[in-house]
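There are 2 protein chains.
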Amino acid sequence: MSKKKITIQDIAGTASVSKSTVSRVLNGTTPVAEDKRLAVMEAMKALDYKPNVFARSLAGGKTMTIGIVTENIGSPFYDSVTQGVMKGLNSTEYTPIIADGQWQPKLERIAISTLVDRQVDGLVMVGGLLDSEALDEFRQETPIVIVARSLPGWENESITIDNLAAAKSATNHLIENRHREIAHIMGDQTHQDAKDRYQGYKAAMREANLPLSDHLFVQGNFESQSGVNAIETLLRREKPFTAIFAANDQMAIGARLALYRANIRVPQDVSIIGFDNQSESAYSTPPLTTVNQPAADMGVAASRMLIGKITNKPVEIPTFSAELILRESVARID
Amino acid sequence: MSKKKITIQDIAGTASVSKSTVSRVLNGTTPVAEDKRLAVMEAMKALDYKPNVFARSLAGGKTMTIGIVTENIGSPFYDSVTQGVMKGLNSTEYTPIIADGQWQPKLERIAISTLVDRQVDGLVMVGGLLDSEALDEFRQETPIVIVARSLPGWENESITIDNLAAAKSATNHLIENRHREIAHIMGDQTHQDAKDRYQGYKAAMREANLPLSDHLFVQGNFESQSGVNAIETLLRREKPFTAIFAANDQMAIGARLALYRANIRVPQDVSIIGFDNQSESAYSTPPLTTVNQPAADMGVAASRMLIGKITNKPVEIPTFSAELILRESVARID
DNA sequence: CTGTTAGCGCCTTCAT
DNA sequence: ATGAAGGCGCTAACAG
Numbered sequence: 000m001s002k003k004k005i006t007i008q009d010i011a012g013t014a015s016v017s018k019s020t021v022s023r024v025l026n027g028t029t030p031v032a033e034d035k036r037l038a039v040m041e042a043m044k045a046l047d048y049k050p051n052v053f054a055r056s057l058a059g060g061k062t063m064t065i066g067i068v069t070e071n072i073g074s075p076f077y078d079s080v081t082q083g084v085m086k087g088l089n090s091t092e093y094t095p096i097i098a099d100g101q102w103q104p105k106l107e108r109i110a111i112s113t114l115v116d117r118q119v120d121g122l123v124m125v126g127g128l129l130d131s132e133a134l135d136e137f138r139q140e141t142p143i144v145i146v147a148r149s150l151p152g153w154e155n156e157s158i159t160i161d162n163l164a165a166a167k168s169a170t171n172h173l174i175e176n177r178h179r180e181i182a183h184i185m186g187d188q189t190h191q192d193a194k195d196r197y198q199g200y201k202a203a204m205r206e207a208n209l210p211l212s213d214h215l216f217v218q219g220n221f222e223s224q225s226g227v228n229a230i231e232t233l234l235r236r237e238k239p240f241t242a243i244f245a246a247n248d249q250m251a252i253g254a255r256l257a258l259y260r261a262n263i264r265v266p267q268d269v270s271i272i273g274f275d276n277q278s279e280s281a282y283s284t285p286p287l288t289t290v291n292q293p294a295a296d297m298g299v300a301a302s303r304m305l306i307g308k309i310t311n312k313p314v315e316i317p318t319f320s321a322e323l324i325l326r327e328s329v330a331r332i333d
Numbered sequence: 000m001s002k003k004k005i006t007i008q009d010i011a012g013t014a015s016v017s018k019s020t021v022s023r024v025l026n027g028t029t030p031v032a033e034d035k036r037l038a039v040m041e042a043m044k045a046l047d048y049k050p051n052v053f054a055r056s057l058a059g060g061k062t063m064t065i066g067i068v069t070e071n072i073g074s075p076f077y078d079s080v081t082q083g084v085m086k087g088l089n090s091t092e093y094t095p096i097i098a099d100g101q102w103q104p105k106l107e108r109i110a111i112s113t114l115v116d117r118q119v120d121g122l123v124m125v126g127g128l129l130d131s132e133a134l135d136e137f138r139q140e141t142p143i144v145i146v147a148r149s150l151p152g153w154e155n156e157s158i159t160i161d162n163l164a165a166a167k168s169a170t171n172h173l174i175e176n177r178h179r180e181i182a183h184i185m186g187d188q189t190h191q192d193a194k195d196r197y198q199g200y201k202a203a204m205r206e207a208n209l210p211l212s213d214h215l216f217v218q219g220n221f222e223s224q225s226g227v228n229a230i231e232t233l234l235r236r237e238k239p240f241t242a243i244f245a246a247n248d249q250m251a252i253g254a255r256l257a258l259y260r261a262n263i264r265v266p267q268d269v270s271i272i273g274f275d276n277q278s279e280s281a282y283s284t285p286p287l288t289t290v291n292q293p294a295a296d297m298g299v300a301a302s303r304m305l306i307g308k309i310t311n312k313p314v315e316i317p318t319f320s321a322e323l324i325l326r327e328s329v330a331r332i333d
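So this is what it looks like as structure tokens:
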């Protein structure tokens with residue numbers, strides 16, 4: 000195929016112009032006479048010219064790469080978001096490079112450093128644990144956008160849903176179906192999302208004048224197994240409950256399995272609501288009522304927002320809202 | 000933080016040597032006097048020097064990036080593999096850049112081109128659809144390793160398990176539990192894996208002298224919904240079956256849901272076996288017997304193999320085997 | 001509008 | 001063993 004790499008010089012030659020002119024039509028930085036422009040484009044086509052990314056970066060400063068920091072241990076929810084980010088980048092000139100934080104502040108920091116050292120033109124954090132100050136440090140070097148995580152002080156550069164409101168409406172759904180003893184399986188409280196969902200649950204209970212007894216809360220960590228454990232804990236407490244609101248689908252699925260083992264029927268005996276609308280929830284037996292977060296769309300939005308920042312184009316922060324997906328895991332109490 | 004970028008020149012200055020020498024200790028290309036070496040290293044530490052990837056690539060030729068081609072629509076199994084690849088790269092000097100083929104030959108081709116244009120030092124294909132010839136075209140430009148897919152002619156550059164054998168042993172497990180009417184939900188037959196699993200199933204049936212009736216096969220596409228549809232089809236045929244072997248967990252889960260809806264108990268009435276050991280399978284009700292593929296490990300191995308090729312180090316092709324994970328979805332017929 | 005001249009930061013002969 | 005010089009491919013002033 001491509002024997003020798005052809006450069007800007009080559010096409011400059013066959014188009015009888017200077018390198019600069021070629022560069023200009025390439026980047027559209029300065030107007031170029033139409034005829035020359037065409038000649039250049041033709042030459043590029045003919046020689047199958049591919050600009051050298053590295054030379055370009057070296058000379059120009061911009062690397063046309065954007066860094067994505069993922070936290071790949073954990074919920075597939077974040078994977079969807081990452082997919083979205085990449086998809087958003089797909090239609091642009093930017094290439095994503097990914098580094099993994101694995102939900103460990105130390106590694107997250109390293110990941111960001113790696114990316115920054117690689118001189119990415121921008122950074123999108125998919126979730127993450129680093130606090131505002133830590134990120135501020137990097138923010139000076141490169142624009143950053145945070146998606147699927149709410150961080151105080153970053154309202155203008157992050158994309159999230161209102162977890163509190165979503166959790167509240169999920170809980171309300173249970174209440175409307177006449178449930179009174181509603182247990183909550185909490186997510187890892189180091190995540191703001193988990194806290195917000197917990198608060199949302201409490202708010203709903205409070206407004207409905209339902210007691211917020213300690214025995215209704217169980218600590219989980221967003222993983223399925225913690226859902227299983229949560230039910231076991233709940234059962235051991237021997238206090239009645241007719242519904243469960245889990246802070247994510249994985250724990251909800253785990254809970255559902257534990258109930259199955261304990262011979263408790265869903266939804267006849269106990270109703271369940273999850274969060275995130277992962278595919279697992281749709282094919283659970285029975286399918287799980289859950290809260291849908293438009294993960295991929297949020298990712299796409301984040302990428303657009305970042306590119307907006309990079310190119311100094313006006314960016315408005317899109318709003319995303321969660322939506323309750325009604326499925327068979329919730330029954331009405333009569 | 001780092002106000003101005005410090006270059007090889009700067010550290011050359013503070014270490015009182017020439018740029019060349021710095022470059023040499025940096026790359027270990029030529030012996031350097033121990034004292035100077037130390038001086039340089041100290042300077043680098045002191046100034047927090049970070050080599051410029053782009054300059055290095057421009058001048059040197061190698062870009063220290065490896066491309067990963069993913070197919071992100073579909074099974075989370077491939078995600079695990081990709082994770083593995085990235086993890087394997089993590090401990091190296093190489094940075095991964097990802098492009099997505101989305102299980103579309105056309106896009107896959109574009110993805111590879113993008114990566115090759117970016118002058119990646121190597122390429123790992125996580126799954127994929129392009130045929131041998133198409134890949135050969137790229138192979139000339141850069142080393143390629145294929146993982147989680149078997150492609151004729153690429154035995155020495157791919158990492159897979161023996162899908163046929165695995166499927167056979169899964170089917171045998173059913174047979175040993177005295178099942179005779181075993182249905183098979185096939186995966187997308189454009190995937191070699193799907194074909195192999197189908198063949199494995201048939202081989203097991205044949206060897207056990209069980210009839211291979213047409214009404215026992217249902218075409219699926221690896222997605223959960225196709226598992227649901229498959230059961231509906233099967234039920235409509237009104238031919239007896241006591242067990243199902245699905246070509247992946249997602250379809251198995253879908254099948255399980257459809258059975259639930261049809262009021263058919265698992266495993267009392269029908270047993271199920273899936274494939275891939277995705278987390279969904281472990282928390283299904285009941286948990287699903289499945290075939291485990293060491294996805295992440297395969298990914299890691301692929302990255303090592305690729306780097307071996309790139310650096311011309313001796314690489315031996317590691318072997319991975321699948322393992323049947325016994326869970327509650329299979330019952331013995333008496 | 002367009003050609004010329006400098007580098008960007010680093011690696012690599014080539015002498016020494 | 002080490003410094004000097006040239007160049008990787010491209011962009012960015014700077015003159016015309």
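Residue numbers (numbering that gives the first Met the number 0), protein chains in the order written: chain A, 0 to 333; chain B, 0 to 333.
Note that the Cβ used here is the ideal one computed from N, Cα and C, for glycine as well.
All of these numbers come straight from a predicted model, not from anything done at the bench.
Any chain B beta carbon closer than 8 Å to Asn26(A): Position 27 of the first sequence, counted from the start, is the residue given in the question as residue 26(A). It does not; no Cβ of chain B falls within 8 Å.
Gly186(A): first and last residue of the uninterrupted alpha helix (DSSP H) it sits in: Residue 186(A) sits at position 187 when you count from the first residue of the first sequence. Run containing Gly186(A): none; DSSP gives neither H nor E here.
Beta-carbon spacing of Ile243(A), Thr288(A) below 8 Å: For this step, residue 243(A) is matched to residue 244 along the first sequence. For this step, residue 288(A) is matched to residue 289 along the first sequence. No, the Cβ-Cβ distance between Ile243(A) and Thr288(A) is not below 8 Å.
is_contact[Leu57(B), chain A] using C-beta, thresh 8 Å: Along the second sequence, read from residue 1 onward, the residue named residue 57(B) stands at position 58. With 8 Å as the cut-off, Leu57(B) counts as an interface residue toward chain A.
Environment of Ser1(A) [buried if 16+ CB atoms lie within 10 Å]: For the purposes of this step, residue 1(A) is taken as residue 2 along the first sequence, with counting starting at 1. Here the model assigns Ser1(A) a pLDDT of 47, short of 50, so the residue's position is not dependable and the matter cannot be decided.
Per DSSP, the bridge partner or partners of Asn291(B): If you number the second sequence from 1, residue 291(B) lands on position 292. For Asn291(B), which the question treats as bridged, DSSP gives the partners Asp275(B) and Glu322(B).
Supposed close pair Val80(B), Ala246(B) - CB separation, criterion 8 Å: Translated into positions along the second sequence, residue 80(B) becomes position 81. Translated into positions along the second sequence, residue 246(B) becomes position 247. At roughly 17 Å, the Cβ-Cβ gap does not stay under 8 Å, so Val80(B) and Ala246(B) are not in contact.
Short Cβ contact (8 Å threshold) for Tyr93(A) with Ile65(A): Here residue 93(A) is taken as the residue at index 94 of the first sequence, counted from 1. Here residue 65(A) is taken as the residue at index 66 of the first sequence, counted from 1. Contact: yes.
Thr334(A) versus Val84(A) - alpha carbon distance: Nothing in the structure corresponds to residue 334(A), since chain A is present only between 0 and 333.
Residue-chain proximity (Phe76(A), chain B), Cβ-Cβ < 8 Å: To locate residue 76(A), count along the first sequence from 1; it is residue 77. Chain B contact via Cβ: absent.
is_contact[Ile97(A), chain B] using C-beta, thresh 8 Å: The residue given as residue 97(A) occupies position 98 in the first sequence. Interface residue, yes.
Whole-number beta carbon distance between Gln267(A) and Ala330(A), since they are thought to touch under 8 Å: Within the first sequence, the letter at position 331 stands for residue 330(A). Within the first sequence, the letter at position 268 stands for residue 267(A). Confirmed, Cβ separation roughly 6 Å.
Whole-number beta carbon distance between Tyr282(A) and Val256(B), since they are thought to touch under 8 Å: On the second sequence, residue 256(B) is found 257 positions in, with the first residue counted as 1. On the first sequence, residue 282(A) is found 283 positions in, with the first residue counted as 1. Per the sequence presented here, residue 256(B) reads as Leu, with Val not at that position. About 5 Å separates the two Cβ atoms, so the contact holds.
Terminal residues of the beta strand (DSSP E) in which Met124(A) lies: In the first sequence, residue 124(A) corresponds to position 125, counting from 1. Met124(A) -> beta strand (DSSP E) spans Gly121 to Val125.
CB of Ile332(A) within 8 Å of CB of His172(A), strictly: Here residue 332(A) is taken as the residue at index 333 of the first sequence, counted from 1. Here residue 172(A) is taken as the residue at index 173 of the first sequence, counted from 1. Their beta carbons are not under 8 Å apart, which means Ile332(A) does not touch His172(A) by this criterion.
Simplified DSSP assignment, three categories, for Pro142(B): The count along the second sequence starts at 1 and reaches residue 142(B) at position 143. Looking at Pro142(B) - three-state DSSP - the assignment turns out to be coil, as it is neither helix nor strand.
Closer than 7 Å: Lys44(A) CB and nearest the ligand ADP heavy atom: The ligand ADP is absent from the structure shown, which contains no ligand whatsoever.
Cross-strand partners of Phe244(A) (DSSP beta bridge): Sequence index remark: in the first sequence, residue 244(A) carries index 245 (1-based). Answer is His183(A) and Ile272(A), bridged to Phe244(A).
Cβ-Cβ separation, Val68(A) to Ala98(A) (assumed contact under 8 Å), whole Å: Mapped onto the first sequence, residue 98(A) falls at position 99. Mapped onto the first sequence, residue 68(A) falls at position 69. About 6 Å; that satisfies the 8 Å criterion.
Phe216(B), enclosing beta strand (DSSP E) - first and last residue: Reading the second sequence from its first residue, position 217 is the one you call residue 216(B). Per DSSP, Phe216(B) belongs to the beta strand (DSSP E) from Phe216 to Gln218.
Residue interval of the beta strand (DSSP E) (run including Ala261(A)): Locating residue 261(A) in the first sequence gives position 262, counting from the first residue. Neither: Ala261(A) is in no beta strand (DSSP E) and is coded neither H nor E.
At least 3 beta-carbon pairs within less than 8 Å: the stretch 303-322 of chain A vs the stretch 123-142 of chain A: yes
CB contact check: Tyr93(A) to chain B, cutoff 8 Å: The residue labelled residue 93(A) in the question sits at position 94 within the first sequence. Tyr93(A) does not count as touching chain B.
Rounded separation between Asp192(A) and Gly219(B) - CA only: Counting from 1 along the first sequence, the entry for residue 192(A) is found at position 193. Counting from 1 along the second sequence, the entry for residue 219(B) is found at position 220. Computed Cα separation, rounded: 37 Å.
Proximity test, Cβ basis, 8 Å: Leu325(A) and chain B: As a first step, residue 325(A) is located in the first sequence; it is residue number 326 there, counting from the start. No, Leu325(A) does not count as interfacial toward chain B.
Spatial neighbours of Thr189(B) in its chain, beta-carbon cut-off 8 Å, leaving aside the 5 residues before and after: Counted from its first residue, the second sequence places residue 189(B) at position 190. Once the five neighbours on either side are set aside, the close Cβ partners of Thr189(B) are Leu128.
Close Cβ partners of Val314(B) (< 7 Å) along its chain, the five nearest in sequence each way excluded: As a first step, residue 314(B) must be located in the second sequence, where it is residue number 315. Counting only Cβ-Cβ distances below 7 Å, and skipping sequence neighbours, we find Met304, Gly307 and Lys308.
Cβ pair Ala254(A), Gln292(A) closer than 8 Å: Mapped onto the first sequence, residue 254(A) falls at position 255. Mapped onto the first sequence, residue 292(A) falls at position 293. Contact: no.
Pick from Ala165(A), Arg326(A), Val269(A) and Ala229(A) that is closest to Asp195(A), judged by C-alpha positions: Along the first sequence, read from residue 1 onward, the residue named residue 195(A) stands at position 196. Closest by alpha carbon: Ala165(A).
Completely contained alpha helix (DSSP H) runs for the stretch 76-137 of chain B, where each covers 4 or more residues: 104-116
8 Å Cβ cutoff, Thr62(B) in contact with chain A: On the second sequence, position 63 is the one that residue 62(B) refers to. Thr62(B) counts as touching chain A.
CB contact check: Phe244(B) to chain A, cutoff 8 Å: The count along the second sequence starts at 1 and reaches residue 244(B) at position 245. For Phe244(B), the answer is no, since every Cβ of chain A falls outside 8 Å of its Cβ.
Distance, Gly186(B) Cα to Asp213(B) Cα: Working through the second sequence from its first residue, we reach residue 213(B) at position 214. Working through the second sequence from its first residue, we reach residue 186(B) at position 187. One C-alpha to the other measures close to 16 Å.
Residues within the stretch 247-264 of chain B neighbouring chain A, beta-carbon criterion of under 7 Å: Ile252, Gly253, Arg255, Leu256 and Tyr259
Neighbour flag for Asp34(A) against chain B, beta carbons, 8 Å: The residue you call residue 34(A) lines up with position 35 of the first sequence. So no, Asp34(A) is outside the interface.
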